[in-house]
Ligand SMILES: [Zn+2]
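Residue numbers (the numbering used here): 361 to 748.
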C-alpha cells in the first residue's frame, strides 16, 4: 500500500527493492482486513466465515472457549486506560437465564455443544452425502449404545459420540413397524429401559419383536410388561414409518434454538428449587425432600440397613414388597390417589420411572396454576355440586 499520489515508477521501484507486491485497499494481510477510513462489515466477511467454519468443526479446545469467554466478560465490565475493571459477578452467574438473576447470555460451551448436537442429529437422520458417509464409517448399522469408544478415537469423534448417546436418550419415536431396540431407544418418552439390570443382553430385540411376544421377556417385571403393552398400543401408528423425533421442537426436528431453550429451562426446573415454594406447607416440603433422598423408613430402605424383615405393604389387597416406587406410585392406594388428582387437574401424565419425574411434572403444573390463579374447572364443578 502506498499513497494514492505515488507514481507508477515509484511503486515499481519499491516492489523491486522490497520484494513486496502492490495491493489496493481494502485488502487482507495475514488474514486481517486492512482498509482506509471507517470499518465496514463487508471487510470482515472472510474473517467471520473462517471463525464460523472453525466453530462448525466440532472440537474447539476448552482453552479457546475459556479465552473467548474471558474476552466477552472483559467486554461487559469494560476497562479504563487499558486496565481491566473489577468483575463483580462471576461468568457462570451472568450466563444464567434472566429469571434466575443472570443476563441470559449463552455460555459459549453450550452453544458449541448445540452445534455438535445438530451435527450428530444429522448423522442419525439426514439424507446428505456427509451423513451417509459418517453412518457408514462409524455406525455401520449397529445399535448406537453398543458402539464403544476406542482409546485411539479422535477428539471430534469422541465429541460426536457423546452427543449421539445424549440424542438417543432424549429423542423419542413416532413409530409404525418399530424396527429399533425396545431397550436402548426412548420410544415411550419417559427414558430408555437401560436402567434394568442385565438390559444390554436384550438390546438387540426390536420393539416389533417385543410386541409380538406381548413384552413377555424375562427382563421385564410383570408390572412393567403391562405398562409397556399399554404404551405400545397407545403410541403405535398404523400408517406411519419409524421416525426419530426431537421432542422439544414443534415439528420433531432438532433445532439449535430448541436445544438451548430446553437445556436452559431444565436448569430452572431443578426440583429442589421447586419443593420449597411458598404455596407448599413447610411440613410437606420437608417430607418431599426426605422422599427425594429416599430417607423414609420404607421397608426396602430399612432392609438396606441390614435389618432382616419380611416386607409386606399395607396399601394393596394382596400385599407386595414395600419399596418407594411401590408405596408412592405402583401400589393400589397410590394408583388410586394419582388417578383421582390427575383427573381433577386434567393432567395427562406419561408413565414414570422415578419419583423425581412424577413430582417434577406435578410441580410444573402447580406453579403454572399458581401464576394463573385460576382453579381448574373440574374443582369448581365439584365445589358447586357439593353446595347444592
Ligand atoms: Zn401395596
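We treat Cβ as the ideally placed atom computed from N, Cα and C, and that holds for glycine. All values reported here derive from a predicted model rather than from experimental measurement.
- Message: Under DSSP, the beta strand (DSSP E) around residue 604 begins and ends at which residues?
- Response: Looking up residue 604 in the chain shown gives position 244. Residue 604 -> beta strand (DSSP E) spans 603-605.
- the segment 628-644 touching the segment 485-497, judged by at least three CB pairs closer than 8 Å: no
- Item | Spatial distance of residue 737 from residue 702 (CA atoms) | Taking the first residue of the chain shown as position 1, residue 737 is located at position 377. Taking the first residue of the chain shown as position 1, residue 702 is located at position 342. At residue 737, the pLDDT of 49 sits below 50, so the modelled position is not reliable and the matter cannot be decided from this model.
- Item | residue 378: first and last residue of the uninterrupted alpha helix (DSSP H) it sits in | To locate residue 378, count along the chain shown from 1; it is residue 18. First-last of the alpha helix (DSSP H) with residue 378: 368-378.
- Query: Distance, Cα to Cα, residue 688 vs residue 694?
  - Reply: The sequence position of residue 688 within the chain shown is 328, counting from 1. The sequence position of residue 694 within the chain shown is 334, counting from 1. If you draw a straight line from the Cα of residue 688 to the Cα of residue 694, it is about 5 Å long.
- Query: In its own chain, which residues sit with a C-beta less than 6 Å from the C-beta of residue 723, not counting the 5 before and 5 after it?
  - Reply: One-based indexing of the chain shown puts residue 723 at position 363. Closer than 6 Å at the Cβ level, and outside the excluded window around residue 723, lie 634.
- Inter-stretch contact (C-beta, 8 Å, three-pair minimum) for the segment 609-627 and the segment 546-553: no
- Query: Tell me which same chain residues have a C-beta within less than 7 Å of the C-beta of residue 509, skipping the five on either side of it?
  - Reply: By 1-based counting over the chain shown, the position of residue 509 is 149. Closer than 7 Å at the Cβ level, and outside the excluded window around residue 509, lie 518, 521.
- Message: Once the 5 residues before and after residue 697 are set aside, which same chain residues still bring their CB inside 7 Å of it?
- Response: As a first step, residue 697 must be located in the chain shown, where it is residue number 337. Around residue 697: no qualifying Cβ.
- Query: For residue 667, is the classification buried or exposed, using 16 other Cβ atoms within 10 angstroms of its Cβ as the cut-off for buried?
  - Reply: If you number the chain shown from 1, residue 667 lands on position 307. Residue 667 comes out exposed.
- Query: Tell me, which residues are paired with residue 394 by DSSP?
  - Reply: In the chain shown, the residue the question calls residue 394 occupies position 34. Its beta-bridge partners are 387.
- Is residue 547 helix, strand or coil by DSSP? Here the question's residue 547 lines up with position 187 in the chain shown. Residue state, collapsed to three classes: coil.
- Message: Rounded to whole angstroms, what is the Cα-Cα separation between residue 466 and residue 436?
- Response: The residue you call residue 466 lines up with position 106 of the chain shown. The residue you call residue 436 lines up with position 76 of the chain shown. Residue 436 has its alpha-carbon roughly 14 Å from the corresponding atom of residue 466.
- Query: If you check the beta carbons only, do residue 546 and residue 532 fall under 9 Å apart?
  - Reply: Position 186 of the chain shown, counted from the first residue, corresponds to residue 546. Position 172 of the chain shown, counted from the first residue, corresponds to residue 532. Yes, the pair counts as a contact, with Cβ atoms nearer than the cut-off.
- With which residues is residue 642 paired in a DSSP beta bridge? Translated into the one-based positions of the chain shown, residue 642 becomes position 282. Per DSSP, none; premise fails for residue 642.
- Determine the extent of the beta strand (DSSP E) in which residue 532 is found, giving its start and end residues. As a first step, residue 532 must be located in the chain shown, where it is residue number 172. It spans 532-534 - the beta strand (DSSP E) in which residue 532 sits, taken as one unbroken run.
- Task: Between the Cα of residue 614 and those of 544, 654, 371, 479, spot the shortest distance and give me the residue it belongs to.
- Result: Taking the chain shown and counting its residues from 1, the one referred to as residue 614 is at position 254. Among 544, 654, 371, 479, the Cα nearest to that of residue 614 is on 479.
- ligand 1 heavy atoms versus the CB of residue 682: any closer than 8 Å? The residue you call residue 682 lines up with position 322 of the chain shown. Because some heavy atom of ligand 1 lies under 8 Å away, the Cβ of residue 682 counts as near it: yes.
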